[in-house]
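I have placed the structure first, in the form of structure tokens, so that the comments after it can refer back to it.
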Amino acid sequence: MPYEARAVISRTKKAPVTIETIIVPDPGPNEAVVRVQACGVCHTDLHYREGGINDDYPFLLGHEAAGVVEAVGPGVTEVAPGDFVVLNWRAVCGVCRACRRGRPWYCFDTHNASQRMTLADGTELTPALGIGAFAERTLVAAGQCTKVDPEASPAVAGLLGCGVMAGIGAAVNTGGVTRGDSVAVFGCGGVGDAAIAGARLAGAARIIAVDVEERKLEWARDFGATHTVNSRENDPVEAIRELTGGHGADVVIDAVGRPETYEQAFYARDLAGTVVLVGVPTPGMRLDLPLPDVFGRGGALKSSWYGDCLPSRDFPMLIDLYTQGRLDLGRFVSEEIALDDVEEAFDKMHRGEVLRSVVIL
């Protein structure tokens with residue numbers, strides 16, 4: 001019997017979202033229906049609403065979610081009804097060339113549900129990142145459900161579904177931050193602060209946070225930044241070099257995703273250092289770097305997709321760190337809101353007033 005659910009819908013480009021009734025089909029083969037308990041409001045959802053991803057409207061927004069499996073379809077073995085799960089948008093296939101080479105975090109054929117959720121009139125919806133979790137229930141591929149410790153609060157567990165995992169993974173998985181490293185992070189929103197928290201977990205000796213707003217720099221200190229740079233008032237490249245003995249940082253993470261910040265990150269790293277791009281650029285952005293500088297500085301220029309995470313490995317580990325008191329995921333939650341408050345949450349996020357608003361269902 002299909003489910004009816006209230007959900008947040010983006011119908012047209014840049015228009016305010018609406019709360020509408022959607023139809024969630026019974027799960028088919030290798031699919032699961034999840035009763036959503038909490039979902040973070042992420043910049044990616046705003047990108048969808050603004051037309052920055054594609055124009056496949058209407059969108060069912062929301063993807064940074066945790067909840068309980070309500071039903072599963074034929075062939076599902078990973079999860080069962082009653083399991084507490086975090087939803088992920090990279091359900092690995094296990095058979096593509098990346099998976100066969102033992103690098104499933106690069107999977108080139110990740111799974112989503114085969115069936116489509118719809119509006120009440122039958123209009124098919126495009127779920128954000130294949131999830132669509134600003135809804136009382138959602139339909140996903142079973143591989144998008146990662147079981148975690150049910151003692152964790154849904155409001156914090158769901159954050160691993162996107163921003164927090166992206167930031168921690170950018171530092172630990174992609175950047176390879178290790179004991180004694182110097183790290184610089186451009187952009188101190190949710191992803192940037194998660195990168196700072198990840199660098200701290202990995203034992204970085206010096207963590208330099210860069211932003212244009214003092215409020216965000218204060219947040220960065222709370223997550224473990226040892227030094228801060230207001231790039232509205234200071235040249236961040238010079239400041240980072242000064243703080244690292246004139247060399248630049250071992251790992252520089254761009255959590256903004258703009259050509260200007262990427263260029264600053266490039267020149268703020270040490271020779272043979274690593275630059276990690278985890279901030280999501282918008283279509284049309286271009287980068288112009290002198291090729292001799294790229295050649296002459298060596299090192300690595302990397303992009304971090306979802307923190308290069310493997311959800312089945314990383315989500316339970318990070319939840320364990322949270323329950324042990326070693327990773328303060330609760331610090332990322334600025335406020336808890338209702339479905340009807342998502343549009344206002346977008347405004348707060350755009351103004352830089354919150355790290356994460358979390359929808360509680």
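With full-length UniProt numbering as the guide, the letters of the sequence shown map in order to residues 1 to 361.
All residues carry an ideal CB built from backbone N, CA and C; glycine is no exception.
Practice problem: Determine the burial state of V95: buried for a count of at least 16 other Cβ atoms within 10 Å of its Cβ, exposed for fewer. | Solution: As a working note, residue 95 is residue 95 in the sequence shown. The residue is exposed, with fewer than 16 neighbouring Cβ atoms inside 10 Å.
Quiz item: Going by other Cβ atoms of all chains shown within 10 Å of its Cβ, with 16 needed for buried, is K216 buried or exposed?
Solution: Position 216 of the sequence shown holds residue 216. The residue in question, K216, is buried, as its Cβ has 16 or more Cβ neighbours within 10 Å.
Quiz item: Nearest-angstrom Cα distance between V34 and L291?
Solution: Within the sequence shown, the letter at position 34 stands for residue 34. Within the sequence shown, the letter at position 291 stands for residue 291. Going from the Cα of V34 to the Cα of L291 covers about 49 Å.
Quiz item: Leaving out the 5 sequence neighbours to the left and right, which residues in its chain are closer than 7 Å to A141 when beta-carbon positions are compared?
Solution: Translated into the one-based positions of the sequence shown, residue 141 becomes position 141. Once the five neighbours on either side are set aside, the close Cβ partners of A141 are N30, E31, A91, H111, N112, A113.
Quiz prompt | Start-end ranges of the beta strand (DSSP E) lying completely within the region 280 to 305, minimum 3 residues | solution = 300 to 303
Self-check item: Own chain residues within Cβ distance below 7 Å of L159, not counting five before or after
Solution: Mapped onto the sequence shown, residue 159 falls at position 159. Once the five neighbours on either side are set aside, the close Cβ partners of L159 are G40, E64, L329, F332, R356.
Quiz item: For G132 versus M117, is the C-beta spacing smaller than 8 Å?
Solution: Working through the sequence shown from its first residue, we reach residue 132 at position 132. Working through the sequence shown from its first residue, we reach residue 117 at position 117. Their beta carbons are under 8 Å apart, which means G132 touches M117 by this criterion.
Self-check item: As assigned by DSSP and simplified to three states, the class of D250
Solution: Here residue 250 refers to the residue found at position 250 when the sequence shown is read from its first residue. DSSP places D250 in strand when its eight states are reduced to three.
Self-check item: Start-to-end residues for the beta strand (DSSP E) that takes in R116
Solution: Start at 1 with the first residue of the sequence shown, and residue 116 comes out as number 116. Where R116 is concerned, there is no enclosing beta strand (DSSP E), given that its DSSP letter is neither H nor E.
Quiz prompt | E78, DSSP secondary structure in three states | solution = As a first step, residue 78 is located in the sequence shown; it is residue number 78 there, counting from the start. Here E78 sits in coil by DSSP.
Quiz item: For N88, which three-state DSSP category applies?
Solution: Within the sequence shown, residue 88 is the residue found at index 88, counting from 1. Three-state result, N88: coil.
Practice problem: Confirm, please, whether the CB-CB distance from G175 to V191 is below 8 Å. | Solution: On the sequence shown, position 191 is the one that residue 191 refers to. On the sequence shown, position 175 is the one that residue 175 refers to. Going by C-beta atoms, V191 is not nearer than 8 Å to G175.
Practice problem: Find out if the Cβ-Cβ distance for the pair S231, D211 is shorter than 8 Å. | Solution: Counting from 1 along the sequence shown, the entry for residue 231 is found at position 231. Counting from 1 along the sequence shown, the entry for residue 211 is found at position 211. The answer is yes: Cβ separation under 8 Å.
Practice problem: Find out if the Cβ-Cβ distance for the pair G273, G299 is shorter than 8 Å. | Solution: As a position in the sequence shown, residue 273 is number 273, starting the count at 1. As a position in the sequence shown, residue 299 is number 299, starting the count at 1. Yes, the Cβ-Cβ distance between G273 and G299 is below 8 Å.
Exercise. Please list, in chain order, all residues of the same chain as G51 whose beta carbon is under 6 Å from its beta carbon, the five residues on each side excluded.
Key: As a working mapping, residue 51 is identified with position 51 in the sequence shown. Taken in chain order, the residues that qualify are K13.
Quiz item: Where G180 and I9 are concerned, what is the direct C-alpha to C-alpha distance, given to the nearest angstrom?
Solution: Indexing the sequence shown from 1 puts residue 180 at position 180. Indexing the sequence shown from 1 puts residue 9 at position 9. When rounded, the distance between both Cα atoms is 46 Å.
Quiz item: For S153, which of D193, V85, C162 has the nearest alpha-carbon?
Solution: Within the sequence shown, numbered from 1, the residue matching residue 153 stands at position 153. Considering only alpha carbons, the answer is V85.
Practice problem: Could you spell out where the alpha helix (DSSP H) holding K14 opens and where it closes? | Solution: Locating residue 14 in the sequence shown gives position 14, counting from the first residue. It is not in any alpha helix (DSSP H) - K14 carries neither H nor E in the DSSP assignment.
Quiz item: Exposed or buried, which one is H350 when buried takes at least 16 other CB atoms within 10 Å?
Solution: The residue given as residue 350 occupies position 350 in the sequence shown. Label assigned to H350: exposed.
Quiz item: Around the C-beta of P27, are 16 or more other C-beta atoms found within 10 angstroms, so that it is buried, or is it exposed?
Solution: Here the question's residue 27 lines up with position 27 in the sequence shown. Burial call: buried.
Quiz item: Taking the beta strand (DSSP E) that E64 falls in, what are its first and last residues?
Solution: Sequence index remark: in the sequence shown, residue 64 carries index 64 (1-based). That run of the beta strand (DSSP E) goes 64 to 72.
Quiz item: What are the boundary residues of the alpha helix (DSSP H) that E242 is part of?
Solution: Here residue 242 refers to the residue found at position 242 of the sequence shown. That run of the alpha helix (DSSP H) goes 236 to 243.
Quiz prompt | Contained alpha helix (DSSP H) runs [length at least 4] in the region 187 to 238, N- to C-terminal order | solution = 190 to 202, 214 to 223
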